[in-house]
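Chains as they are written, first to last, in the working numbering: chain S, -5 to 277; chain L, -5 to 277.
Structure representation (structure tokens):
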């Protein structure tokens, strides 16, 4: 089927069916269906063609990303554009299972920045008394929001991306390469380029699991996850069983088995120590 | 000037000038300029007309939001749709300076959820060994990303929004009203409705402050912030000086003075204790 001949409405119904196992229609007359359709068809990309990204476009995408809402207008997210290939390599060398980092035409690191507000307090002669968990979380969430907006802007402009939270696997090394001072910390990297091929839609938990009305509800969670494992497996089976030295192969290997194995081994156990070194008490 | 007669390119140049003090052009031939323009023109809304939101549209927006990337595909963000007006009031009563919460046609709370992965580990017979800061942050950031995507989807469909991080001012009360169990925590609320009037573009720090190449650079930060205070004041002066009992009125009251005063008084100092009660060690 030629994609251009299919209306946004039809593609929205198809994308929601694949993503959530539930065909959702855009009500008639709703504007912006082209954008909604693109969000629903979102996919990550790890291979790019050789077309370079116009620096003027990149600057526009930074502007789009940083137009996102910011907690109390504090503007605690920064973007590091890692243009120097040697610096990209220095970061990527610590993440050998993700060769797409080195191959990405553009590589960015989105950071939380609690530093500016501390400096501003000094310059304006005010004490800074908010060095605690909420403040740290605000900067991390601000960075996530700016990252999400960047991804939307990039996809609108025909680019593909993949976020790299693994820049936190070796946070001190990432921080040193980018010269991040106290109270500035990496949240995620992002590979950006023109995609080599169309992506595929990853199946997600049904909305009955992740959207609640009035009260958090997990009454049918286990059945829903079992059904999701099955639905997802039919669309896109996981071919490799994780941590084979720890766990015997199982006949049916679904998402929940994979994630349970994933988090049965410590990941970034020293990130808290790194953040404390960056002068956060996390009280 | 009739907005409909102005091209996206012209509106992009104008919006970036207002937002960042720098007119940025979309390079010729870039697709998606309509969406990029809408991101650049983003504004918050706190007043809505009486038009109700079609429940079918809301479900589609949830689907768009939850199509966002998720750290390691763990899907640690949930949305609570607070439909019961009494529950909205119970939350809003703790935030008396934000009457728009009670008036919003739709009110949502975006939550971080580290609970499912713990349950999945139990059900699949695997230990859970990742109860530390990185894991907490992943769920918070996932929720921020889903929130950002929801805002983009809502604006595409003609709606206006304003995020409410103040649901964390009294996190235990918010959590109790929504029945949030251990390892599930509120990140931000969101008011949603059809806007009463056009919003205005908030000026942001120049990209020279928030976007860095290769290395974090704050060499001209102080001058840049002084200039930003002035530029912003000309566009949209702050009329009320914060904490007048603590600080004397100053002749020029800019963004940095306001933010320095804001964070000179403790805000959500007990959020860390709340999160620890929710069974996070934050190691």
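By construction, the Cβ of each residue, glycine as well, lies at the ideal position given by its N, Cα and C atoms.
Note that this is a predicted model, so its numbers are computed, not measured.
Taking C-alpha positions only, residue 250/S is separated from residue 108/L by approximately 14 Å.
By the rule that beta-carbons nearer than 8 Å mark a contact, residue 4/S does not touch chain L.
Residue 257/L is a Cβ neighbour of residue 122/S, given a cutoff of 8 Å. Two segments are said to touch when three or more pairs of C-beta atoms, one from each, lie closer than 8 Å; by this definition the stretch 165 to 176 of chain S does not touch the stretch 38 to 53 of chain L. Not a single C-beta of chain L is nearer than 8 Å to the C-beta of residue 190/S. For residue 165/L, the three-state secondary structure derived from DSSP is helix. Following the DSSP letters along the chain, one finds residue 74/S inside the beta strand (DSSP E) bounded by residues 71 to 76. By the neighbour-count definition (other C-beta atoms within 10 Å, threshold 16), residue 138/S is a buried residue. Residue contact with chain L for residue 72/S: present (Cβ-Cβ distance below 8 Å to some residue of chain L). The continuous alpha helix (DSSP H) containing residue 49/L extends over residues 49 to 59. Collapsing the DSSP output to three states places residue 129/S in a helix. Contacts with chain L (Cβ-Cβ distance below 9 Å) from the stretch 10 to 21 of chain S involve 10, 13, 14, 16, 18, 19, 20, 21, listed in chain order. Taking 8 Å as the cut-off, the Cβ atoms of residue 273/L and residue 134/L do not count as close. Residue-level contact by beta carbon holds for residue 58/S and chain L, with a gap shorter than 8 Å. Identification of chain S residues near residue 131/L by a Cβ-Cβ cut-off of 7 Å yields 134, ordered along the chain. Contact with chain S is found for residue 114/L, since one of that chain's Cβ atoms lies less than 8 Å from the residue's Cβ. Beyond the five residues adjoining it in sequence on each side, residue 237/S comes within less than 7 Å, by CB distance, of 255, 259 in the same chain, given in chain order. Its chain contains 276 as the residues whose beta carbon lies nearer than 8 Å to that of residue 270/L, once the 5 sequence neighbours on both sides are disregarded; these appear in chain order. For residue 78/S, the nearest CB of chain L lies under 8 Å from its own CB, placing it at the interface with that chain. At the C-beta level, residue 94/L and residue 40/L come within 8 Å of one another. With contacts defined by Cβ atoms closer than 8 Å, residue 50/S and residue 21/L form a contacting pair. In this structure, the beta-carbon distance from residue 180/L to residue 103/L falls below 8 Å. A direct Cα-to-Cα measurement between residue 64/L and residue 18/L gives close to 31 Å.
For residue 155/L, there is no enclosing alpha helix (DSSP H); the residue is found in the beta strand (DSSP E) stretching over 154 to 158. Interface with chain L (8 Å Cβ-Cβ cutoff): residue 96/S is excluded. By the beta-carbon neighbour count (other beta carbons within 10 angstroms, threshold 16), residue 71/S is buried.
Of all residues in the stretch 170 to 199 of chain L, only 171, 172, 173, 174, 175, 178, 181, 182, 195, 196, 198, 199 place a beta-carbon less than 9 Å from a beta-carbon of chain S. With a cut-off of 8 Å on Cβ pairs, the stretch 210 to 230 of chain L is not in contact with the stretch 109 to 117 of chain L, counting fewer than three such pairs.
As a beta-bridge residue in DSSP terms, residue 42/L pairs with 189/L. Secondary structure note for residue 218/L: it is in no beta strand (DSSP E), and the uninterrupted alpha helix (DSSP H) holding it is 215 to 229. Using a CB distance cut-off of 8 Å, residue 25/S counts as an interface residue toward chain L.
For residue 102/S, the pairing in a beta bridge is given by DSSP as 75/S, 184/S. Residue-level contact by beta carbon holds for residue 265/S and chain L, with a gap shorter than 8 Å. Remark: C-beta atoms of residue 165/L and residue 184/L do not approach each other more closely than 8 Å. A distance below 8 Å separates the beta carbons of residue 35/S and residue 195/S.
One thing to note: residue 210/S has its Cβ within 8 Å of the Cβ of residue 74/L.
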